[in-house]
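These notes are about the structure you will find just below.
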Amino acid sequence: MSVEWVKTMPPGIFSLQGTACTICVRVFKWCPVLFITAVVAWSYYAYVIQLCFFTVDNIFEKVFYLVGYHVLFATFAWSYWQTIFTEPGDIPKQFYVPQPEAERLEKEQEDSQRQMLERLAKHLPVSCRTINGMIRYCEKCHLIKPDRAHHCSVCGRCVLKMDHHCPWVNNCVSFTNYKFFILFLAYSLVYCLFVAATTLQYFIKFWTMQCFWGRAPHCLRNDLEGWGRFHILFLFFVAFMFAISLVSLFGYHCYLVTVNRSTLESFRPPIFRTGPDKNGFSLGRHANFNEVFGDDWHYWFLPIFSSMGDGVTYPQRMVDEDTDGLLNNRQRWAENDEGDHSDDALSHPAVPDQQVAVRADHLV
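The letter at position 13 of the sequence shown is residue 47 when you use the numbering used here, and the numbering goes up by one with no holes.
What follows is the structure in structure tokens.
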């Protein structure tokens, strides 16, 4: 009966159901972002209106609170926006395997696949391998993965220097927006600490009931039994709890920046021809920091792209037995990048003199 019922369904009904499910999933992915936006919007009302306008009497204290708050609010909102809406970047077309080769690759045995991938990647600047020592290949995207690139199952695509997929920004944290993500964590932490510190004295007064009708005239404008008092109480609680959670996350990513390691690489070290090496891309703390934030300090604290490189090739800590061939591929890639990648690759130019492997005894 069920089969006959399915046959009687109008044509296209299943595609419509699939489309509806896809739309629901896409909307659901934005729920964490909408939640954060709602919390921040409420905190703005509670801090600016309830605290600064209705509670604080001292004009100098009020001006200091308002100016400091809006500076932090602007930097937080800017970095959050950049993290959410910056595209992870496209894999250059040179890494894609032609359809006939991809179909043939799927049918071959492991040894034949190894040989085919080595041939296809002969002129590509790739040095990372799988656990079996093969060229990393994405069967879903039909491409040879650039170093440090991974396939995101949520986005359904391969991402350059993928760190992780963050539901709170509904985006992949990757080469193009990793600096923005770090700044977002930093400004979020400072924002929460500032709100918690400036509301602490009023939180204590309200909590201990020291501010009441007969002893604190300034509280006449903010009824203790009304919503104003509870806005400030919950504002302190929310800011303090978010600050606690952000401290560990921000500290962890600061550590990852200093060792030039992504979240994925911290759990699964990159594999080279010589084997796994968790510090394979670490060039020293100063150079590692510059790789993410750039070498111009004017842009370090601004959510403006200033990371070094093109997201495809990365300097390495150690050289392997195929260094000459790899360097030649990188040089060839850099030369091609100047003329061929303007339309299909990232808009950020490669930096040839920084895309070479360095020996451990030359590290900064």
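All residues carry an ideal CB built from backbone N, CA and C; glycine is no exception. The model shown is predicted, which means the values in this text are computed figures rather than measured ones.
Indicate the three-state DSSP secondary structure (helix, strand or coil) for histidine 185 in the structure shown.
Correct three-state label for histidine 185: strand.
What residues in its chain sit with their C-beta under 7 Å from that of threonine 120, if we drop five residues either side in the sequence?
If we look at threonine 120 and ignore the five residues flanking it on each side, its Cβ neighbours are Thr210, Asn211, Phe214.
Would you please state the rounded distance, in angstroms, between the beta carbons of valine 131 and isoleucine 178? I believe it to be under 8 Å.
Contact flag correct, Cβ pair sits at about 7 Å.
Measuring only the C-alpha atoms, how far is asparagine 204 from isoleucine 118?
Their backbone Cα atoms lie some 6 Å apart in a straight line.
Helix, strand or coil for phenylalanine 335 per DSSP?
It is coil, neither helix nor strand.
Cutting at 7 Å between CB atoms, please list the residues of its own chain near aspartate 330, excluding the five before and the five after it.
Cβ within range, chain order: Ser340.
Does DSSP put proline 66 in a helix, in a strand, or in coil?
Helix at proline 66.
For phenylalanine 98 and phenylalanine 228, I'd like the C-alpha separation in whole angstroms.
For phenylalanine 98 and phenylalanine 228, the distance between alpha carbons rounds to 11 Å.
Hey, histidine 320 and leucine 85: beta-carbon distance below 9 Å or not?
Cβ distance not < 9 Å, so histidine 320 and leucine 85 don't count as in contact.
Output the distance between the C-alpha atoms of tyrosine 286 and phenylalanine 218, rounded to the nearest integer angstrom.
For tyrosine 286 and phenylalanine 218, the distance between alpha carbons rounds to 14 Å.
Could you have a look at arginine 24 and say whether DSSP puts it in helix, strand or coil?
Because the chain spans 35 through 398 in this model, residue 24 falls outside it and cannot be assessed.
What is the DSSP secondary structure of tryptophan 154, reduced to helix, strand or coil?
First, the residue type needs correcting, since residue 154 is leucine and not tryptophan in the sequence shown. Note: leucine 154 maps to helix in three-state DSSP.
Straight-line CA distance for tryptophan 261 to aspartate 197?
C-alpha separation (whole angstroms): 42 Å.
Going by beta carbon distance, what residues of the same chain come within less than 6 Å of proline 201, once the five residues before and after it are set aside?
Excluding residues within five positions, the ones whose Cβ falls inside 6 Å are Pro66.
List the whole-angstrom C-beta distance separating leucine 298 from proline 349, where the pair is believed to meet the contact cut-off of C-beta under 8 Å.
With a Cβ gap of about 19 Å, leucine 298 and proline 349 do not count as contacting.
Below 9 Å between beta carbons: does that hold for cysteine 175 and arginine 191?
It is a contact, given that the beta carbons lie within the stated cut-off.
Can you find at least 3 beta carbon pairs, one from the segment 135-151 and one from the segment 232-240, that sit closer than 8 Å?
Short answer: they don't touch.
Which residues share a DSSP beta bridge with tyrosine 78?
Answer is none; tyrosine 78 lacks a bridge partner.
How big is the Cα-Cα spacing for valine 281 and isoleucine 216?
Going from the Cα of valine 281 to the Cα of isoleucine 216 covers about 12 Å.
Quick one: what does DSSP say isoleucine 278 is sitting in, helix, strand or coil?
The answer is helix: DSSP assigns isoleucine 278 an H, G or I state.
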